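Engineer: One structure, as structure tokens, below. Some questions next.
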Amino acid sequence: MTLYYPPVGFHFVVRFEGLLLNYPGIPDIGFQKVSGINVTINTEEYQEGGETRFKHRLPNPPTYPNLVLERGMLIGSQLMQWYKDSVEGFKFVPNDVTVILLNSLHIPIQAWNFVNAIPVKWTIADLNATENKVLVETVELSYQYYKRIDVTDLISLVK
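Using the working numbering, you'd call the opening residue of the sequence shown number 1 and step up by one each time.
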């Protein structure tokens, strides 16, 4: 009997910390796809004088790709109001974004907190009169870094 099953990747919510305070309406939590949850640490080679067997490989600061969120287009959403203020008014107000992975009982089992995110790109799928599809919008957010929040961290927050 298996004691552990890996979690599924389709049961998640996205929270925008701070948007409720600035924009009225229904919170944006439902997305059909989230990508860009990764980090890369490149290294720089350093040759030590007198040492010819190897080069030292020193880590550079981590780099993070944009967080990409996809969903069916919503009219008047808080996220789009935030994006509109950023693009049209050039008022970039950073907000934290948290992606929360849930189990079958809707209990959080893993989370990622993206710190000081700002919207940097918004696209909608092609408008096509010959297709019968949901119009999908894609939002990209740039952020400073992210923190992975494990289930043990979530439990310690409850205590």
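Yeah, the Cβ is synthetic: ideal placement off N, Cα and C, and Gly gets one too.
Keep in mind it's a predicted model, so treat the numbers as computed, not measured.
1) Name the DSSP bridge partner or partners of Ala129?
2) Please go through the stretch 79-138 and give each complete alpha helix (DSSP H) segment of 4 or more residues, from N-terminal end onward.
3) Asn42 and Pro59 - do their beta-carbons sit closer together than 9 Å?
4) On the three-state DSSP scale, how would you describe Val39?
5) Can you give me the C-alpha to C-alpha distance between Ile107 and Lys133, rounded to a whole angstrom?
6) Per DSSP, which residues does Glu45 bridge with? Please list them.
7) I'd like the span of the beta strand (DSSP E) that includes Leu3, first residue to last.
8) Run through the DSSP bridge pairs and tell me what Thr63 is partnered with.
Structural biologist: Quick answer:
1) Taking the sequence shown and counting its residues from 1, the one referred to as residue 129 is at position 129. Per DSSP, Ala129 has no beta-bridge partner at all.
2) Within the stretch 79-138, no complete alpha helix (DSSP H) run reaches 4 residues.
3) For this step, residue 59 is matched to residue 59 along the sequence shown. For this step, residue 42 is matched to residue 42 along the sequence shown. In contact: Pro59 and Asn42 (Cβ atoms closer than 9 Å).
4) In the sequence shown, the residue the question calls residue 39 occupies position 39. If DSSP states are grouped into helix, strand and coil, Val39 belongs with coil.
5) Here residue 107 corresponds to residue number 107 of the sequence shown, with the count starting at 1. Here residue 133 corresponds to residue number 133 of the sequence shown, with the count starting at 1. Rounded to whole angstroms, the separation of the alpha carbons of Lys133 and Ile107 is 32 Å.
6) Against the sequence shown, residue 45 aligns to sequence position 45. Bridge partners of Glu45: Arg57.
7) Here the question's residue 3 lines up with position 3 in the sequence shown. Looking at the DSSP string, Leu3 is not in any beta strand (DSSP E), and its letter there is neither H nor E.
8) Locating residue 63 in the sequence shown gives position 63, where the first residue counts as 1. When beta bridges are read from the DSSP output, Thr63 appears opposite Thr40.
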